[in-house]
Structures are given as C-alpha cells and as structure tokens.
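Undergrad:
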Amino acid sequence: MSIIGTIVIGFIVGLIARALKPGNDRMGLIMTTLLGIAGAFLARFAGQAMGLYTAGEAAGWIASVIGAIVLLVIYGLVAGRRRV
29 MSIIGTIVIG FIVGLIARAL KPGNDRMGLI MTTLLGIAGA FLARFAGQAM GLYTAGEAAG
89 WIASVIGAIV LLVIYGLVAG RRRV
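Numbering of the sequence shown is given in this note's numbering, commencing with residue 29 and proceeding in unit increments.
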C-alpha cells in the first residue's frame with residue numbers, strides 16, 4: 029500500500045506543480061507522476077539536510093509541490109535546449 033500511496037501522492041503533487049507553473053509543459057501522466065514523486069523526494073532530502081524534517085516525517089505538501097516545480101523548471105530548460 030505504501031508504493032501505491034506514493035504514486036497517488038506523486039501524481040497529485042505533479043498535477044498541482046504543473047497547474048502552478050506558467051507555460052506549456054508537454055508531458056504525459058507517467059512523467060507528471062514521476063515529477064511529483066521526485067519533487068517529494070527532493071523536498072524530503074532538502075528538508076532533512078537543513079534540519080527542518082527528521083527521517084520519519086513526511087516532507088509536507090507545500091514542500092513537495094515546491095520541489096516538483098523546481099524539477100519542472102529544470103526539465104523545461106533541458107527539454108528546451110534539446111529541441112534547438
């Protein structure tokens with residue numbers, strides 16, 4: 029149940045991040061889910077490194093969405109360079 033929960037949360041976080049970031053981000057459901065999962069992991073790692081979270085705590089929705097937006101911006105920069 030933990031893996032399914034992570035996938036569902038990652039999908040929701042990815043959708044929120046894509047809705048908050050302006051611009052046209054062409055990616056499917058799988059990439060949106062992976063973006064959300066990676067954003068949550070990024071937020072958890074950064075929060076633990078800065079001492080905001082302990083190892084057993086969740087990163088939190090806001091931090092996960094911010095992490096996903098950061099990854100979405102990086103993805104946009106990399107994908108934009110590839111098209112040229």
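Beta carbons: idealized from backbone N, C-alpha and C, even for Gly.
(1) Exposed or buried, what is V93 when buried is set at 16 or more other beta-carbons lying within 10 Å of its beta-carbon?
(2) Taking the alpha helix (DSSP H) that T60 belongs to, which residues open and close that run?
(3) Under the three-state reduction of DSSP, which class applies to L80: helix, strand or coil?
(4) From which residue to which residue does the alpha helix (DSSP H) around R46 run?
(5) For the putative contact between L100 and R46, defined by C-beta atoms under 8 Å, what is the C-beta separation to the nearest angstrom?
TA: According to the structure shown:
(1) Position 65 of the sequence shown, counted from the first residue, corresponds to residue 93. The residue is buried, with at least 16 neighbouring Cβ atoms inside 10 Å.
(2) Numbered from 1 along the sequence shown, position 32 holds the residue referred to as residue 60. Here the alpha helix (DSSP H) through T60 covers 57 to 77.
(3) Working through the sequence shown from its first residue, we reach residue 80 at position 52. The answer is coil: DSSP assigns L80 none of H, G, I, E or B.
(4) To locate residue 46, count along the sequence shown from 1; it is residue 18. Element bounds for R46: 30 to 48.
(5) Here residue 100 refers to the residue found at position 72 when the sequence shown is read from its first residue. Here residue 46 refers to the residue found at position 18 when the sequence shown is read from its first residue. Going by Cβ atoms, the distance from L100 to R46 rounds to 7 Å, so yes, they are a contact pair.
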